[in-house]
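Trainee: The numbering of the sequence shown is our numbering, which starts it at 29 and goes up by one. C-beta: ideal position from N, C-alpha, C; glycine also. From a predicted model like this one, the values you see are computed outputs, not experimental measurements.
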Amino acid sequence: MTDTQIPAETASAPVYSVVQERRVVTAIPGPRSQELHARRAKVVSAGVSSALPVYIERANGGILVDVDGNQFVDFGAGIGVTTVGHTEQRVVQAAADQLQDVVHTLFTITPYEEYVRVAELLAEHTPGNWEKKSVLVNSGAEAVENGVKIARKFTGRRAVAVLDHAYHGRTNLTMAMNYKAHPYATGYGPLAGDVYHAPSSYPYRDGLSGADAAARTITYLEKVVGASDLACLVVEPIQGEGGFMVPAEGFLPRLQAWCTEHGVVMIADEIQSGMARTGRYYASEHFGWEPDLVLSAKGIAGGLPLAAVTGRAEIMDASQPGGLGGTFGGNPVACAAAIAVFEAIEANHLLAESERIGARLKAGLERLAQRYDVIGEIRGLGAMIAIELVQPGTGQTTRLPNPDAVASLIAYAAQHGVLFLSAGTFGNVLRFLPSLAVSDALIDDGLRVLDDGFAALG
Ligand code: PLZ
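1. DSSP three-state call for I438: helix, strand or coil?
2. Measuring alpha carbon to alpha carbon, tell me which residue in C363, V43, R180, I107 is nearest D222.
3. For G197, is the beta carbon positioned less than 7 Å from some heavy atom of the ligand PLZ?
4. Looking only at DSSP bridge pairs, what is H114 linked to?
5. State the beta-bridge partners of Q48 as determined by DSSP.
6. At which residues does the alpha helix (DSSP H) containing T245 begin and terminate?
7. Please report the residue range of the alpha helix (DSSP H) in which F448 lies.
8. Can you give me the C-alpha to C-alpha distance between G489 and R67, rounded to a whole angstrom?
9. Any Cβ of chain B within less than 8 Å of the Cβ of V163?
10. Comparing C-alpha positions only, which one of N166, N376, R459 sits nearest to E116?
11. Mind checking who F460 pairs with in its DSSP beta bridge?
12. Are V119 and A372 closer than 8 Å when you measure CB to CB?
13. Which whole-angstrom value is the C-beta distance of Y207 and R198, which I expect to be below 8 Å?
14. Going by beta carbon distance, what residues of the same chain come within less than 6 Å of Y232, once the five residues before and after it are set aside?
15. Quick one: give me the first and last residue of the beta strand (DSSP E) that K70 is part of.
16. Between P333 and the rest of its own chain, which residues show a CB-CB distance below 7 Å, the 5 nearest in sequence each way excluded?
17. If you count every other CB in all the chains shown that lies within 10 Å of the CB of I137, and 16 or more means buried, which is it?
18. Is it right to say A276 is buried, meaning 16 or more other beta carbons lie within 10 angstroms of its own, or is it exposed?
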């Protein structure tokens, strides 16, 4: 190769408008963020909180730039939304072009091609080799709501089952489907009825094999609900807000087999785990699980609001014409962005990038775990990694959660220009959900800050 030839990888490498580095130039939050925060306090509901009240002016790749000029390495990606990278060129261009052409018609009045193309891409990339159809909506919770509606219509049954430690949203039905009442449901009742919470698989804490955990779940469903009344079982293949629990091997396929045998629709809530997050298009693939319905949201449109229910054609078609829809569902701009996201996943080799990020994070975290005994477990797949922190010396059986350590680490990192998110039923999980544009250098930099944060815990 001569000097003038550019290797293929370099030629397609993304160009960043923001230098991909951490930069702290003021106290955190800085003066302009503090001003904005004071304005916000007067007009934004106190019910809407912010984990880190720095106000963001620009974002690109794996970096957030605040109004004071501080640059944060972003290990949250808006809770797994900007998976392809902040302001990914292809996505921004597709959305901008679409804005010039048509912004809204309402698909249920006069349809357009972009909606159809997104449904084609979802049919192609969701697990399962059968005829699939989709409905597009606006948010993850709305996808969950529609998945349940569709399953109830298809089965003619009433009950909905979820697993312990689940998170499914903030609407009336989905509040009832969450494991944690607080802060999501406290004082907002009455909640929707006919929702049952069955035991999950949480290997670090229950020590059960997939077969044993599934047997326990099935016993619960058979005894407490009864298969003949059960419309659907909704499961996150890797639980997100609950703390990135990777179920024991065989757990998910066993539940699917039981659902199939009893005519129960099994729904994968892939809202946090899907769209290339774990190194596959959908995390279900890691477990050999082919769900009846798959829910997509978050990462699907690079930051624009879009969500989907995709699944077996016969289930999706059980709804009467006019039964599904919504004013903004499948908005043309969001759909154009989603098409670009699917293209970016291929063009930027993001399934492989997700594996790269996961391997580097895990290796770095394993080194930290050798030195800091608060790290109880490192788990996750691809770029969906977490550490569960425990009280040191509380032993294998108790493993007392250590939410204070998580809060301290997050606060320390924020002061040093790194954004980490917490998770976990007990608030003791630190999760890593970076955009797949994050470089090895940024990962290492984030891990260095985390190391210093652990040292500062004392
Ligand atoms: N299902 C698995 O992770 C959203 C919530 C952020 P919406 N999780 C982040 C917040 O503070 O509200 C989520 C999820 C899983 C459903 C949802 C709900 O998706 O797009 O937030 O409605």
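Mentor: Quick answer:
1. helix
2. R180
3. yes
4. G89
5. In the DSSP output, where bridge partners are listed per residue, Q48 has none listed.
6. 238-248
7. Note, F448: premise wrong, no alpha helix (DSSP H); not H, not E.
8. The question about residue 489 has no answer, for the chain in this structure spans 29 to 486.
9. The chain inventory of the structure shown lacks chain B, comprising one protein chain alone.
10. N376
11. I413
12. yes
13. That belief does not hold up - the Cβ atoms of Y207 and R198 are roughly 14 Å apart, past 8 Å.
14. E405
15. Note, K70: premise wrong, no beta strand (DSSP E); alpha helix (DSSP H) at 59-71.
16. N166, S167, A362
17. exposed
18. buried
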